[in-house]
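Before any comments, here is the structure.
Numbering (this note's numbering), first residue to last: 22 to 323.
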């Protein structure tokens, strides 16, 4: 019996709908709000480099003072997972949006992650039950309904589509890679390794395509940008990522990624509250369908 099978038998029914996973969904959903606040004031890769650097500045001294244990024999695997989860996913989505990818279509493409993860689940020794497949289909249907009102092909280009699709493949591969090769490590040290590796990967692209200089001349340091940067460092890159790693550690990859179905509905509610964006009855139906889908995926047989 695999570790994943044991976890599946010992986890309470609908444990994924407990406060911790739902708090992760809330934090993760704010990423799209942060992009709306921050991207007008800095190029996407430059913003991400500042975000990665902020994490290193905060956690680097912390792990030294706390003498956090170094993950012997896993550093390379943790770094690879981080490049896929952080550099590949975030850079892909943010650059796609900057290149003209409509937000609704971007959310729908990235929303395919749980389906891809389920297809690849046997590679990490996991089995997806028929009930979970039904939940995955309900989830993507719910996401489609939520973003339908904002769906537009205006401004869509092949480069933007390729970037968004690459982001989808990157986060899916990163989740499976981490689940298989390095599910257990000290979250503080692991996060530093992942963001340091991601910064190394993103840096040359920022220099080449965004004319990044040490003076950061391309950044407009407005209060709104600084607030978005601080939130992205503290709430997203530390808070949400810690929670994601904890969920990957204790549960099946398919279950973890199914929570992503709740991101577009949650973001839609945030956009309605903060920016007055329309929230249609069709969107409400999509929210209900997405929640039902997640419940089917994470539910246990009685």
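Ideal Cβ positions, reconstructed from N, Cα and C, are used throughout, including at glycine.
Small disclaimer: the values here were computed from a predicted structure and weren't measured.
In the structure shown, residue 286 adopts helical secondary structure according to DSSP, grouped into three states. When C-alpha distances from residue 97 are compared across 281, 178, 212 and 239, the shortest belongs to 212. Remark: three or more beta-carbon pairs, one from each stretch, lie closer than 8 Å, so the region 97 to 108 and the region 195 to 203 are flagged as touching. Annotation for residue 259: no alpha helix (DSSP H) segment contains it, and DSSP assigns it neither H nor E. Of all C-beta pairs linking the region 283 to 295 to the region 219 to 233, fewer than three are shorter than 8 Å, placing the two stretches out of contact. Burial is judged here by how many other beta carbons sit within 10 angstroms of a residue's own beta carbon; residue 281 has at least 16 and is buried. Between residue 272 and residue 135, the C-beta gap is not smaller than 7 Å, which leaves the two residues out of contact. Note that the C-beta distance between residue 164 and residue 132 is below 7 Å. Scanning its chain for C-beta atoms nearer than 8 Å, with the 5 sequence neighbours on each side dropped, one finds around residue 239 the residues 63, 64, 67, 231, 232 and 233, in chain order. A contact between stretches requires three or more CB pairs, one per stretch, nearer than 8 Å, and the region 149 to 158 fails this requirement with the region 82 to 92. In the three-state reduction of the DSSP assignment, residue 295 falls in the helix class, which pools H, G and I.
Here the alpha carbon of residue 154 sits roughly 8 Å from the alpha carbon of residue 139. The shortest C-alpha to C-alpha distance from residue 56 to any of 276, 127 and 74 is the one to 127. With fewer than 16 neighbouring CB atoms inside 10 Å of its own CB, residue 235 falls in the exposed class. The beta-carbon separation of residue 264 and residue 44, rounded to 7 Å, stays under the 8 Å limit for a contact.
Taken atom to atom, the span from the alpha-carbon of residue 203 to that of residue 99 is near 6 Å. With contacts defined by Cβ atoms closer than 7 Å, residue 208 and residue 130 do not form a contacting pair. Put simply, the backbone Cα of residue 186 is about 26 Å away from that of residue 260. Secondary structure note for residue 92: it is in no alpha helix (DSSP H), with a DSSP letter that is neither H nor E. In terms of Cβ geometry, residue 72 and residue 219 do not form a close pair [threshold 7 Å]. Here residue 307 is buried. Its C-beta has 16 or more other C-beta atoms within 10 Å.
Only exposed fits residue 221, as fewer than 16 other CB atoms lie within 10 angstroms of its CB.
It is roughly 15 Å from the alpha-carbon of residue 88 to the alpha-carbon of residue 214.
Residue nearest to residue 310 within the set 191, 70 and 166 is 166 (criterion: CA-CA distance).
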